[in-house]
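Working notes for the structure below.
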Amino acid sequence: MGAKTNPGRFFEDYHVGDTIHHAVPRSVGQGERALYHALYPARHALYSSDMFARACGLPASPLDDLIAFHVVFGKTVPDVSLNAVANLGYAQGRWLAPVWPGDTLRSVSEVIGVKENSNGKTGVVWVRTSGYNQHGKAVLEYVRWVMVRKRDAASAAPEPVVPDLLSALDAEALKIPEGLDFSDYDFTLAGEPHRWGDYEIGEQIDHVDGVTVEEAEHMVATRLWQNTAKVHFDTSARPDGSRLIYGGHVISMARALSFNGLANAQMIVGLNGGAHANPCLSGDTVRAWSEVLDKADTPAPGVGAIRLRLVATKDGDPFRLKGEDGKYLPEVLLDLDYWALMPK
Amino acid sequence: MGAKTNPGRFFEDYHVGDTIHHAVPRSVGQGERALYHALYPARHALYSSDMFARACGLPASPLDDLIAFHVVFGKTVPDVSLNAVANLGYAQGRWLAPVWPGDTLRSVSEVIGVKENSNGKTGVVWVRTSGYNQHGKAVLEYVRWVMVRKRDAASAAPEPVVPDLLSALDAEALKIPEGLDFSDYDFTLAGEPHRWGDYEIGEQIDHVDGVTVEEAEHMVATRLWQNTAKVHFDTSARPDGSRLIYGGHVISMARALSFNGLANAQMIVGLNGGAHANPCLSGDTVRAWSEVLDKADTPAPGVGAIRLRLVATKDGDPFRLKGEDGKYLPEVLLDLDYWALMPK
Amino acid sequence: MGAKTNPGRFFEDYHVGDTIHHAVPRSVGQGERALYHALYPARHALYSSDMFARACGLPASPLDDLIAFHVVFGKTVPDVSLNAVANLGYAQGRWLAPVWPGDTLRSVSEVIGVKENSNGKTGVVWVRTSGYNQHGKAVLEYVRWVMVRKRDAASAAPEPVVPDLLSALDAEALKIPEGLDFSDYDFTLAGEPHRWGDYEIGEQIDHVDGVTVEEAEHMVATRLWQNTAKVHFDTSARPDGSRLIYGGHVISMARALSFNGLANAQMIVGLNGGAHANPCLSGDTVRAWSEVLDKADTPAPGVGAIRLRLVATKDGDPFRLKGEDGKYLPEVLLDLDYWALMPK
């Protein structure tokens, strides 16, 4: 009998064109919804109230778009990032259909690029991951690239394949959820009066609030998405004994904090890019600010698209991102570029 | 473009007769029920078992009465207490209908009193808050008054209006949930043999058990109710770097601990008053004792009403409340006065 | 009026043949399922995905077998272990039917043995506990024995009755869930290729991963099962101010960690024995290893039974259990002996 445990894949195990069917499909429901609200200060009304969602043309309140992201992402960890040195980036992410309580999600990834690093010890792998529901319908897709260790520094480098990736999705590529209609949007119940037309490209918003994060919380969250990366759970996995907080936890925290100033950026439909600029650890107080990068109309009634930079920091002043050297400032945790839908 | 974030209201922004429709309606369900049992040692059988609830004439087990309170209360925070200096009191609280899994709650407050303080810097605002379900039916109402900062010390004081509030509700004013029938109440399954007739006015009960509270728990709870007050989450919001525990967390903890001695005080139907006597912080061990303040019959079969003082402490001996100076002792966290329904 | 709180039972209060109907039935559902996944790194596909469970012949994904165990066990604590000095062992545990979201569980125990200890201060009590669902159907049964304090050292010792207990259940005694069929089992979605035939008796598996546990997590878990033992919650209940982690928390953590190497040991159907070898405290990093103790065929299509020793440790090397003195090594937290069902 050989070893039964999963050692993870190494750089040599990825070949362009490979399809990886990730394990452990997951049914999600009212419990995941409640936990999401318990873990993050989430208040976007469409995800909080069935009544509000129905008034916007949906059959009920969907699960938060980031629940879909975390569950789909979590399934890929044992196959993609168990031996990853770094999560390098995201691109071309699109939410293709809402996820409803009772849905069962699974993930499939295609290897679309490999490039050995010049040090001969690591390489970069690009995968396009898709999440599917129980009807076989895609609910989410995105490209991610990670730096992965080689099993053996002596193994030959593969032919490098670097995919052409868009720096941002065109608004026309965004998928508007079926039936979405903001014509009778209730700004009072949503919590803020600011509509799509009230935001200007270049405008920056300090979301003001902060949350000091705790070990128990990020582990509860990360397990909920069945993300098994050791560094999040095991104090002996990192030399300094700290537990690295899952980058997605910071994404959700920042997005929830952004309610204060962006309460009407209801649905996330596109992920243009993202960098986990610095590690987040227990005890850090996470804050967030946003910048309006672009705006576009959509064919859905009353629905505009807004492209936002969402930056999470651990203290420090808002609106500061990179130093003169072009590197992220040490207090910056996250730099995310996404498209959201907003009432016009 | 002006600032998009919510600065909260100041004393000058409240006028008697104003109606405030609070934002972010919330659908509550099985997830919130499970989290309530995970956060508090809640064991009252009516809220734990659908079978038990049906045997008491209800269609199913409702969500805990304090879930209704926390959700309705949480919605008011951005409009009522974001700039509050202190939460001064509650009165005339009544639970008007059970909340069922799947219900969607929203909150509306009417300003019923304002009185500037003599220092000219703050004032007291009284609001009557009502929570409604998706059918527009009121599920809860209560009066709360808070001390709020003035935006500008120089602004003129309004005509003072101080509402006449009852020190306690008459039992006749309590709303008994439709169908409630304790005629065939199962004391064995409920956990204690003591019925309404076994409690005497003036009797005091030490609930014995204690729970040492943790940061992660109170933040999870407070977020679950979408309560956004900074002091609960952000270590930089208070000078000493501590996070103040939401008073409602202490209410729920004390109520759950009161099972041991009051297992049959099943449903909370009235809130006569309440004071958060001292701050509760992570690391405190919360204990509770109760005193029977009054008893009354009800028209529902087998159902008696019992008025209870519920006191939460952080250590110290039970049954001690105030010092010779009439002030709460430093170990007292909560002094709550409520009506519950009990089998006769 | 006498004291209203539950002092717990003492050794003198148990008589062979007594039946104890435990209080506070509990309805369990999607919230408990989600919390289980948030508290433990649980990934067995049958409990994660309704689709996967249906492909295995079940109507939907049941709640984790250990949720059933914890809820049934938790109900017994106020009657069996409130004054217990030690939880001595388990035997003859059988899962008799899956628990589905929406089920309501209650527990009944029969006293099947008593034996005073020679010190005259304590005695051992054996109970057979059964959990029932709302249809009156037994879902779980097991024998547990605990050491309990006497109320009065002077009271006469009862006639000793020590039940004959099996050291392990025969595979024929195991109850296979109705409809279970692993003929078309999807090993890719389950996460590992190893089938029943790939495991050899005597084989040992290091589950590799570790989780550093936090106070907030084990208290959330223990409350969720309505387990009220003071030592888990109250820092003043133990001389050293630590909170003892509920042994069942360690069982669930170790079982979830065992996915890595035993992903296909899907359903727990028998509990042959178990020892909580050393206390687990917050800050401990829990790891697990398993040993294959036995294998047996079952009449269900494609379903084999595997008997496993599951050992939880706090650090230390795997595969070490007892010292030369026959005592558990100090790093061993749990030694559990159970039967699981696995695809052939």
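Protein chains in written order, with our numbering: chain A, 1 to 344; chain B, 345 to 688; chain C, 689 to 1032.
Positions of the beta carbon are idealized from the N, C-alpha and C atoms, including for glycine.
Quantities reported herein were computed from a predicted structural model and do not represent experimental measurements.
Check: Closer than 8 angstroms to chain A by CB, Pro623 (chain B); Outcome: no
Check: Buried versus exposed call for Asn227 (chain A) [16 or more other C-beta atoms within 10 Å across all chains shown]; Outcome: buried
Check: Alpha carbon of Pro1031 (chain C) to alpha carbon of Ala733 (chain C), nearest angstrom; Outcome: 13 angstroms
Check: Meets three-Cβ-pair contact criterion under 8 angstroms: the segment 284 to 295 of chain A and the segment 65 to 75 of chain A; Outcome: no
Check: Any C-beta of chain C under 8 angstroms from that of Ala45 (chain A); Outcome: no
Check: Beta-carbon gap between Thr5 (chain A) and Asp894 (chain C) smaller than 8 angstroms; Outcome: yes
Check: Per DSSP, the bridge partner or partners of Asp894 (chain C); Outcome: C:Trp977
Check: Alpha carbon of Val220 (chain A) to alpha carbon of Glu905 (chain C), nearest angstrom; Outcome: 8 angstroms
Check: Counted within 10 angstroms of its Cβ, other Cβ atoms place Met1 (chain A) as buried (16 or more) or exposed; Outcome: Its pLDDT being 44, under 50, Met1 (chain A) is placed unreliably by the model, and the measurement read from it follows with that caveat. Result: exposed.
Check: Range covered by the beta strand (DSSP E) that runs through Leu432 (chain B); Outcome: Ala428 to Trp439
Check: Interface residues of chain C facing Asp550 (chain B) [CB-CB closer than 8 angstroms]; Outcome: Thr693
Check: Alpha carbon of Arg151 (chain A) to alpha carbon of Asn119 (chain A), nearest angstrom; Outcome: 14 angstroms
Check: Chain C residues whose Cβ lies nearer than 7 angstroms to that of Lys230 (chain A); Outcome: Asp897
Check: Candidates A:Lys295, A:Thr122 and A:Pro299: closest to Asp337 (chain A) by CA position; Outcome: A:Lys295
Check: Buried or exposed (CB count within 10 angstroms, at least 16 for buried), Glu902 (chain C); Outcome: buried
Check: Selected residue, minimal CA-CA separation from Met835 (chain C), among C:Ile994, C:Leu770, C:Gly885 and C:Leu1009; Outcome: C:Leu770
Check: Within-8 angstroms CB hit, Val799 (chain C) to chain B; Outcome: no
Check: Ala397 (chain B) in three-state terms, based on DSSP; Outcome: helix
Check: Partner residues on chain A for Val424 (chain B), Cβ-Cβ distance less than 8 angstroms; Outcome: Neighbours of Val424 (chain B) on chain A: none; closest Cβ ~14 angstroms, over 8 angstroms.
Check: 7 angstroms CB neighbourhood of Ala581 (chain B) in its chain, flanking five on each side removed; Outcome: Lys574 and Val575
Check: Presumed contact (8 angstroms Cβ cut-off) between Met253 (chain A) and Ala340 (chain A), rounded CB distance; Outcome: Wrong, their Cβ atoms sit about 17 angstroms apart, outside the cutoff.
Check: Euclidean distance between Cα positions of Gly261 (chain A) and Lys314 (chain A); Outcome: 19 angstroms
Check: Nonlocal neighbours in the same chain, by C-beta distance under 8 angstroms from Tyr672 (chain B), ignoring five residues either side; Outcome: Ala619, Ala621, Asn622, Leu665, Lys666 and Asp679
Check: DSSP state of Pro385 (chain B) mapped onto helix, strand, coil; Outcome: coil
Check: Stretch pair the segment 817 to 825 of chain C + the segment 980 to 994 of chain C: three plus CB contacts closer than 8 angstroms; Outcome: no
Check: DSSP bridge partner residues for Gly316 (chain A) (one or two, in chain order); Outcome: For Gly316 (chain A), which the question treats as bridged, DSSP gives no partner whatsoever.
Check: Element boundaries [alpha helix (DSSP H), containing Glu217 (chain A)]; Outcome: Glu215 to Leu224
Check: Beta-carbon gap between Gly777 (chain C) and Arg377 (chain B) smaller than 8 angstroms; Outcome: no
Check: Own chain, CB closer than 8 angstroms to Arg94 (chain A), minus 5 neighbours either side, in chain order; Outcome: Leu140, Glu141, Tyr142, Leu169, Ala173, Leu174, Lys175, Val269, Gly270 and Leu271
Check: Backbone CA spacing between Cys400 (chain B) and Ala644 (chain B) [nearest angstrom]; Outcome: 11 angstroms
Check: Under 8 angstroms from the C-beta of Ser48 (chain A): neighbouring residues of chain B; Outcome: Val368, Pro369, Arg370, Ser371 and Gln570
Check: Exposure of Ser61 (chain A), with buried meaning 16 or more beta-carbon neighbours within 10 Å; Outcome: buried
Check: For Tyr724 (chain C), the three-state DSSP class (helix, strand or coil); Outcome: helix
Check: Per-residue DSSP class, three states only, for Asn260 (chain A); Outcome: helix
Check: Cutoff 6 angstroms; reference Pro846 (chain C); Cβ partners in own chain excluding five residues on either side; Outcome: Val802
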